[in-house]
Amino acid sequence: DTGVSQDPRHKITKRGQNVTFRCDPISEHNRLYWYRQTLGQGPEFLTYFQNEAQLEKSRLLSDRFSAERPKGSFSTLEIQRTEQGDSAMYLCASSSASSGNTIYFGEGSWLTVV
Amino acid sequence: AQTVTQSQPEMSVQEAETVTLSCTYDTSESDYYLFWYKQPPSRQMILVIRQEAYKQQNATENRFSVNFQKAAKSFSLKISDSQLGDAAMYFCAPTQEEGAQKLVFGQGTRLTINP
Chain F
1 DTGVSQDPRH KITKRGQNVT FRCDPISEHN RLYWYRQTLG QGPEFLTYFQ NEAQLEKSRL
61 LSDRFSAERP KGSFSTLEIQ RTEQGDSAMY LCASSSASSG NTIYFGEGSW LTVV
Chain R
115 AQTVTQSQPE MSVQEAETVT LSCTYDTSES DYYLFWYKQP PSRQMILVIR QEAYKQQNAT
175 ENRFSVNFQK AAKSFSLKIS DSQLGDAAMY FCAPTQEEGA QKLVFGQGTR LTINP
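Line by line, the protein sequences give chains F and R. With the first letter of the first sequence counted as 1, position 74 gets the number 74 in our numbering; the numbers rise by one all the way through. When you read off a place in the second sequence, starting at 1, and then add 114, the result is the number in our numbering.
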């Protein structure tokens, strides 16, 4: 078990550019989550997949954000036309009923928009 | 919307002593899970302990234990024999919906361990 992995760990981009983050969940986990965390705050829920189906999206997820999990394994989170307010850490997590519904987090992807 | 309150923004404890971090939450669910996570300076969210709401017995994991009061919607974390490596931000997080298992986080408590 290699845990939840995220790539890249750090990304600096210019305002207006597009960025994409990848998450590989724990292999047997069918649920996958994206959260966003800004400095001094707790993580905030963005979206949730069960297998390949995106079942819920937070109102925090503007139209510039899109997430996919095409084969029910890895997921991508794309931010288009980045803004300085998008600067945050983007956390991916996964869980499954077979693993006791415990939610495990990856190390996060830091985004800095300059 | 569900809310989670961690009323202690910062706590400090002497090494080897015991400290308790408080958490209260609001939920309309009857069956849910509660977690405590720690986030050291590396920023990775590390699971400390979990509790199923239907279980009356408080969870224990080595030096970490919880005091879960379902009726009062309270879920405190006790750390015994505090170690320098326990220094971190601690987040309380109940799940919001049984199916989705979404976590709702509090603002966190920064724990400092004094040698």
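C-beta atoms are modelled at their ideal positions from N, C-alpha and C, and glycine is treated no differently. Every value quoted in this text rests on a predicted model; they were computed, and no experiment measured them.
Next on the checklist: Counting only beta-carbon separations shorter than 7 Å, does residue 47/F have a partner in chain R?
Outcome noted: In the first sequence, the residue the question calls residue 47/F occupies position 47. Look at residue 47/F: its C-beta is not under 7 Å from any C-beta on chain R.
Next on the checklist: What I want to know is whether the C-beta of residue 26/F ends up closer than 6 Å to one or more non-hydrogen atoms of the ligand COA.
Outcome noted: In the structure shown, the ligand COA is absent, as is every other ligand, since no ligand is present at all.
Next on the checklist: For a contact defined as C-beta to C-beta under 7 Å, what are the partners of residue 16/F on chain R?
Outcome noted: Counting from 1 along the first sequence, the entry for residue 16/F is found at position 16. Simply none; closest approach about 26 Å.
Checklist entry - According to a CB-to-CB cut-off of less than 7 Å, which residues of the segment 155 to 185 of chain R neighbour chain F? => result Within the segment 155 to 185 of chain R, the qualifying residues are 157, 158, 159, 161 and 164.
Checklist entry - Taking the DSSP output, what are the residues bridged to residue 201/R? => result Here residue 201/R refers to the residue found at position 87 of the second sequence. Bridge partners of residue 201/R: none, in fact.
Next on the checklist: Quick check on the DSSP output: the beta strand (DSSP E) that includes residue 33/F runs from which residue to which?
Outcome noted: As a working mapping, residue 33/F is identified with position 33 in the first sequence. Per DSSP, the unbroken beta strand (DSSP E) holding residue 33/F starts and ends at 31 to 37.
Checklist entry - Identify the residues that DSSP records as bridge partners of residue 113/F: which are they? => result Residue 113/F sits at position 113 when you count from the first residue of the first sequence. BP columns for residue 113/F point to 13/F.
Checklist entry - Are the beta-carbon atoms of residue 189/R and residue 148/R separated by less than 7 Å? => result Within the second sequence, numbered from 1, the residue matching residue 189/R stands at position 75. Within the second sequence, numbered from 1, the residue matching residue 148/R stands at position 34. Yes, the Cβ-Cβ distance between residue 189/R and residue 148/R is below 7 Å.
Next on the checklist: For a test of the three-state rule: what should DSSP assign to residue 84/F, helix, strand or coil?
Outcome noted: Within the first sequence, numbered from 1, the residue matching residue 84/F stands at position 84. Correct three-state label for residue 84/F: helix.
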